[in-house]
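Chemist:
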Amino acid sequence: MMMGLLALLLLLAFASLQLFCFADDDNNDDDVVFYESFEESFEGRWIVSNKDDYKGLWKHSKSEGHEDYGLLVSEKARKYAIVKVVDEPVSLKDGTTVLQFETRLQSGIECGGAYIKFLRPQEAGWKPEEFDNKSPYSIMFGPDKCGTTNKVHFIFKHKNPKNGEYVEHHLKYPPSVPSDKLTHVYTATLKLDKEVKIMIDGEEKKKANFLAAEDFDPPLIPAKTIPDPDDKKPEDWDDKEKIPDPNAVKPDDWDEDAPMEIEDEEAVKPEGWLDDEPEEIDDPEATKPEDWDDEEDGVWEPPKMYNPKCAIAPGCGEWKRPMKSNPAYKGKWSPPLIDNPNYKGVWKAREIPNPNYFELDKPDFEPIAAIGIEIWTMQEGILFDNILIAKNEKVAKSYRETKWKPKFEVEKERQQAEEEASGLDFLASIKRKVFNALYQIADIPFLSNYKPQILDHIKKAEKQPNLTMGVLVSTVAIILTIFLKLIFGGKNQQCPRIETKPVPVVAETSDDQGSDGEKVEKAEKNETAAAARRRRRET
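According to mature numbering (1 follows the signal peptide of the UniProt record, and there is no 0), the sequence shown holds residues -23 to -1, 1 to 516 in order.
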């Protein structure tokens, strides 16, 4: 009896040991291909670009309110570039690969990126100090927000085996960037079954198939046929569906010269109108700057200000009768349109086989040879931390649970306490939930044509608290209108067209990666104009 009991205990102990070892295998250190915690200084390990464009200062800094260190973007309105070469290239072709990192927008973000580029092997002779926006990557992943752009990018570059060109493929309908100042963890899981899964804070936000045309733009697999570039429309091809009626005659009483507006003869000048007072006057408190040189700067003139007398009067300056619509206005006459009897339809070039067409069973990714952060931002305070490349989803999950989650929960509690102390807890909580819900609605794929409009309204509501309710109401109205059109509009209803730039098929020679190029030019112009306005006010 005792021997049997002892044997049973040994068997249970052995089984427990086997289960422990098996469980430990799920989180094997061998599954961690790369990990950067930034607990130690990045200097000497990460290489800062020495290119002239990248003047932003990187710092080894603690996350606000934590003892945890990260890589900090310390200055606003700067370009930044830093890179870390991995010990051995990481293959993306064998099994599962997880790309994960944390960012915290400690100062918020109005215009800038916080994404990471996973670089493929560079050309011979390339040096990390030369890292810039032209350094080719395999995958670009992470948050980006500026103007109507509000997305978590997932872009991969793939070589066309027929012509050797690398093409950027952008994930369609990517998730939006969280709108708070908390630490968030971004995870992209690439699987052998051609699938990619995007998660934010461990919650799945998007799943896509690399080979599906509806998931990436442009599709990885090119079209089998293309329009023949040498095919020309016949000269006698009439593609005008409607034509002016040749038998129509302008009515005798049609006056083309009648103006659109006329003076309102019944209008009377308001009592108290100040005819002799100008609307603007010289600022009496302005003084000529001591360093003003009339010969170099021209004759100094004091800046103008609004005439205070006009503020208490109906108006100033010469009074003129207001204009009103002319009831006799008809405009230029044109004959009505009729069906074109010679209409042949819209001409299209004939289709020919696409010389660059190819087929694949799965993507042929280039390996990851380095990890780079190359961004431009108008805000400082972006903190990167816990960059991970792993071959096991459970490993990535354990890092989220042990590295990210404790910080996030502390930050949420602190945020809630601050809101309670300010007496705005309930309203702020409701407002935040509404914004998060609206951002999620904007991510719905069939609303993609309207996404710029929706995001524009949401941004206005976030920036202008006093207008939040009105803007939110208009945003909800837009969304309801869209739903009603989609439900009741019928199959022939066309969506309102919003002009957006299509994602180009980018060959390796392209200078533009992501949206940085346009953002830099636009923001620099805005900064220059703002500086000029400040100088005028100061004088």
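Where a beta carbon is used, it is the ideal one built from N, C-alpha and C, also for glycine.
Nearest-angstrom Cα distance between ILE352 and ALA394?
Modeler: 33 Å
Chemist: Out of TRP23, LYS70, GLY102 and GLU41, state which residue places its alpha-carbon closest to the alpha-carbon of VAL63.
Modeler: The shortest C-alpha to C-alpha distance from VAL63 to any of TRP23, LYS70, GLY102 and GLU41 is the one to TRP23.
Chemist: Taking its Cβ as the centre, do 16 or more other Cβ atoms sit within 10 Å of ALA(-1), making it buried, or is it exposed?
Modeler: At ALA(-1), the pLDDT of 42 sits below 50, so the modelled position is not reliable; the number obtained from the coordinates is stated separately. ALA(-1) comes out exposed.
Chemist: Taking 9 Å as the cut-off, decide whether the C-beta atoms of PRO313 and ALA225 are in contact.
Modeler: Taking 9 Å as the Cβ cut-off, PRO313 and ALA225 qualify as a contacting pair.
Chemist: Please tell me whether GLY102 and ARG81 are closer than 9 Å, where the distance is taken between their beta carbons.
Modeler: no
Chemist: Under a three-way DSSP split, which group does ILE431 fall into?
Modeler: Residue state, collapsed to three classes: helix.
Chemist: Is GLN257 near TYR283, with beta carbons less than 9 Å apart?
Modeler: It is Glu, not Gln, that sits at residue 257 in the sequence shown. Taking 9 Å as the Cβ cut-off, GLU257 and TYR283 qualify as a contacting pair.
Chemist: Could you say if the stretch 310 to 327 and the stretch 88 to 96 meet the contact criterion of at least three C-beta pairs nearer than 8 Å?
Modeler: no
Chemist: Helix, strand or coil for SER375? Go by DSSP, reduced to three states.
Modeler: helix
Chemist: Which runs of the beta strand (DSSP E) spanning at least 3 residues fall entirely within the stretch 138 to 197, listed in chain order?
Modeler: 143 to 148, 160 to 167, 172 to 177 and 180 to 186
Chemist: What are the boundary residues of the beta strand (DSSP E) that GLN393 is part of?
Modeler: Looking at the DSSP string, GLN393 is not in any beta strand (DSSP E); the run it does join, the alpha helix (DSSP H), is 382 to 398.
Chemist: Going by DSSP, name the residue or residues bridged to GLY89.
Modeler: LYS122 and THR354
Chemist: Are GLY72 and LYS122 close, meaning C-beta to C-beta below 9 Å?
Modeler: no
Chemist: What number of angstroms, rounded off, separates the C-alpha of GLY21 from the C-alpha of SER38?
Modeler: In a straight line, the C-alpha of GLY21 is about 16 Å away from that of SER38.
Chemist: Measure from the alpha carbon of PRO340 to the alpha carbon of each residue in LEU34, VAL50, LEU188 and ALA54, then state which is nearest.
Modeler: Of LEU34, VAL50, LEU188 and ALA54, the residue nearest in Cα terms is LEU188.
Chemist: Would you decide whether TYR320 is buried or exposed? Buried here means 16 or more other CB atoms lie within 10 Å of its CB.
Modeler: exposed
Chemist: What does DSSP give as the partner residues of GLU41 in its beta bridges?
Modeler: Answer by DSSP bridge pairing: none, since GLU41 is not bridged.
Chemist: Please tell me whether PRO344 and SER68 are closer than 9 Å, where the distance is taken between their beta carbons.
Modeler: yes
Chemist: For GLN77, write down the residues that DSSP places opposite it in a beta bridge.
Modeler: THR164 and LEU365
Chemist: Quick one: grab the DSSP three-state call for ASP64.
Modeler: strand
Chemist: Between which residues of its own chain and LYS56 is the CB-CB distance below 7 Å, once the five residues before and five after are set aside?
Modeler: These residues qualify, in order along the chain: ASP30, TYR31, LYS32, GLY33 and TRP353.
Chemist: What would DSSP say about PRO285, mapped onto helix, strand or coil?
Modeler: If DSSP states are grouped into helix, strand and coil, PRO285 belongs with the helices.
Chemist: Per DSSP, what are the beta-bridge partners of ARG55 in this structure?
Modeler: THR354
Chemist: Output yes or no for whether 9 Å exceeds the beta carbon distance between ASP178 and LYS384.
Modeler: no
Chemist: Quick check on the burial criterion: 16 or more other C-beta atoms within 10 angstroms. Buried or exposed for PRO236?
Modeler: PRO236 comes out exposed.
Chemist: As a quick exercise: from LYS111, LYS104 and GLU142, pick the residue whose alpha carbon is nearest that of PRO199.
Modeler: GLU142
Chemist: Could you check if TRP35 is buried or exposed, using at least 16 other CB atoms within 10 Å of its CB as the buried criterion?
Modeler: Residue environment for TRP35: buried (at least 16 other C-beta atoms within 10 angstroms of its C-beta).
Chemist: How would you label ASP488, buried or exposed, when you count the other beta carbons within 10 angstroms and need 16 or more for buried?
Modeler: Residue confidence is low: ASP488 scores 42 on pLDDT, short of 50, so the model does not pin down where it sits. No coordinate-derived value is stated.
Chemist: Report back the beta-carbon spacing between LEU159 and GLU16 to the nearest angstrom; my notes put them in contact at under 8 Å.
Modeler: Not confirmed; about 21 Å, so no contact.
Chemist: How long is the line joining the alpha carbons of TRP277 and ASP259, rounded to whole angstroms?
Modeler: 12 Å
Chemist: Run through DSSP, which three-state label would ASP8 get?
Modeler: helix
Chemist: For the beta strand (DSSP E) that contains GLU257, what are its first and last residues?
Modeler: 257 to 259
Chemist: Just how far apart, CA to CA, sit GLY42 and GLN392?
Modeler: 11 Å
Chemist: What separation, rounded to the nearest whole angstrom, lies between the Cα atoms of LYS265 and GLY358?
Modeler: Looking at the backbone, the Cα of LYS265 and that of GLY358 are separated by about 40 Å.
Chemist: Report all residues from its chain with a CB closer than 8 Å to the CB of PRO152; omit the five preceding and five following residues, and keep chain order.
Modeler: LYS128, VAL129, ILE175, ILE177, LYS182, LYS183 and ASP420
Chemist: Do the stretch 295 to 306 and the stretch 233 to 250 touch if we need at least three Cβ pairs shorter than 8 Å?
Modeler: yes
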